[in-house]
Ligand code: EPZ
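Numbering (the working numbering), first residue to last: 94 to 544.
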């Protein structure tokens, strides 16, 4: 991106796409794969961290801008690899996309090629969400099926079944899915599981369908409500977001809008767990406490002091906290995206904690890495039993996915000696300046490129 007077045009297009988060340096060497985060633990965190806007709201909102004629401005967008990828994807589809200071502007007036190269989905499965908007507005979409990933097989059957219920034709051909329909028509859809992505996909598709769509057993996450609010600000007619049933009255067209997404409850929760694990007094600014009820309740149960303020949350902890049990569930239950971070905390609490992961079938990739640091964890199917130890020991470890990476940073903050974390590109997908934010509250953390 070239910088001039705060307007940074995003270089992109079918040939110019840079793998997100992999900044090619002058000689084209990809530094990111050699980048490491080093942490020397044992220091309490003191001070304030400002939480960024929610990655899992910003990504579907940016993709939802495809539904509207004209220009949308998304306010105060975090600098994340997944945001870069989404901007490149929109650019590839024919949109003009640029940064204006910390805002992103999307102009969708140009002709759109409703197809995305496989690499987008391989790099970011949320790319799959372009289908609903493209079919609703342009009558067709073509994109690779997202494969599995570190946390599970992650099928998309509920997306495709819902789109067919809305009248679309779906063809699977060698790992690519083609979806087409002259005009989607409203229907009644029941989701076998309250899938976040399927809810977003179908809600977006339904906004331009003819007639009413009722989607039942939907995801109720705050990010769903945020997407619905953005779509309604563009002229959509969505009711019930945040409840088990969403009703959409289809309309003929939407127009671009300016929208400020909600704060990132998972980023906030990650820093809350960090403050609990290494003690101290940390305030997270720009937080909606209501979105973090299960995390607040669990941290209080460990003995940490959690205070909800107007627009922030304060966590104070001294000494060793108590082990607790955690079971992940769809919202408003305990978020699966905070499971790894809680496990890092439980690794050093007094007693034995049990973590049950009910949302994904394989979200324990961080266990082996935590054990390299001396954690005592036993996994039986979807349950992990964590016997707390007084101290972890620094070690070279690898981030296997986004939240596992955050968990390793949290564990390292509590460990003696230094921990070196590789594969930091996973962390860059979802945490805006995590090294800088933690340095600002006293953590001994740095980022370097290995020779
Ligand atoms: C979203 O992923 C989030 N990603 C994930 O956050 C989050 O973990 C997940 O929701 C659950 O809260 C974004 O919002 C970009 P799902 P998504 O569809 O939509 C099954 C992070 O760390 N399922 O709710 O892919 C699926 O296999 C990321 O920020 C089907 O069976 O999640 C899984 O077991 C990781 N068929 C469960 O539902 C389908 O068609 C939940 O998946 C779709 C999903």
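Backbone N, C-alpha and C fix where the C-beta goes; we use that ideal spot for every residue, glycine too.
Keep in mind the model is a prediction, meaning the values are calculated, not measured.
Scanning 130, 280, 146 and 175 for the CA closest to the CA of residue 355 turns up 146. Taking one beta carbon from each stretch, the segment 524–536 and the segment 167–179 have 3 or more pairs nearer than 8 Å; the two touch. Contiguous beta strand (DSSP E) elements confined to the segment 258–340 occur at 262–266, 269–273, 281–283, 305–309 and 330–332, taking only those with 3 or more residues. Residue 416 and residue 478 have their C-alpha atoms roughly 11 Å apart. Residue environment for residue 139: exposed (fewer than 16 other C-beta atoms within 10 angstroms of its C-beta). If you check the CB distance, residue 130 and residue 540 come in under 8 Å. With 16 or more other Cβ atoms from the protein chains shown falling within 10 Å of its own Cβ, residue 492 counts as buried. In this structure the segment 394–408 touches the segment 360–376; the number of beta carbon pairs closer than 8 Å is three or more. Residue 341 and residue 348 do not touch by the CB rule: their CB atoms are close to 17 Å apart, not below 8 Å. Here residue 400 is exposed: its Cβ has fewer than 16 other Cβ atoms, across all protein chains shown, within 10 Å. Remark: the C-beta of residue 248 is in contact range of ligand 1, defined as less than 7 Å to any heavy atom.
Secondary structure within the segment 446–488: the alpha helix (DSSP H) runs of 4 or more consecutive residues, fully enclosed, are 459–465 (chain order). At a threshold of 7 Å, residue 288 counts as near ligand 1, since its beta carbon sits closer than that to one of the ligand's heavy atoms.
Residue 199 counts as buried, since at least 16 other C-beta atoms from the protein chains shown sit within 10 angstroms of its C-beta. Residue pairing by DSSP puts residue 378 in a beta bridge opposite 143 and 405. The alpha-carbon of residue 213 is positioned some 40 Å away from that of residue 480. Rounded to whole angstroms, residue 158 and residue 220 show a C-alpha spacing of 13 Å. With fewer than 16 other Cβ atoms from the protein chains shown falling within 10 Å of its own Cβ, residue 286 counts as exposed. Look at residue 432 here: in three-state DSSP terms it is helix.
The segment 311–320 and the segment 286–296 touch, with no fewer than 3 CB-CB distances between them shorter than 8 Å. When DSSP states are grouped into helix, strand and coil, residue 528 belongs to the helix group. Across the set 244, 239, 299 and 245, the C-alpha of 299 shows the shortest separation from the C-alpha of residue 260.
Distance from the C-beta of residue 422 to the nearest heavy atom of ligand 1 is not below 7 Å. DSSP links residue 138 through a beta bridge to 373. By the C-beta criterion, the segment 377–391 is judged not to be in contact with the segment 303–311, since fewer than 3 inter-stretch pairs fall below 8 Å. Taking 7 Å as the cut-off, one finds at least one heavy atom of ligand 1 near enough to the beta carbon of residue 429. Between ligand 1 and residue 182, a heavy atom-to-CB distance of less than 7 Å is absent.
Note on residue 499: 16 or more other CB atoms within 10 angstroms of its CB, so buried under the neighbour-count rule. When the five nearest sequence neighbours on each side are left out, the beta carbons in the same chain lying within less than 6 Å of the beta carbon of residue 388 are those of 362 and 431, in order along the chain. Look at residue 242 here: in three-state DSSP terms it is strand.
Relative to ligand 1, residue 141 has its C-beta separated by 7 Å or more from all heavy atoms. Judged by beta-carbon spacing, residue 336 lies beyond the 8 Å limit of residue 301, meaning their Cβ atoms are not closer than that value. By the criterion of at least three beta-carbon pairs nearer than 8 Å, the segment 238–246 is not in contact with the segment 271–288. About 15 Å separates the CB atoms of residue 462 and residue 134; that is not less than 8 Å, and the two are not in contact. Among the bridge pairs identified by DSSP, residue 537 is matched with 133. Shown here for residue 263: same chain residues with a beta carbon closer than 7 Å to its own, the five before and five after excluded, namely 253, 256, 257, 270 and 272 in chain order.
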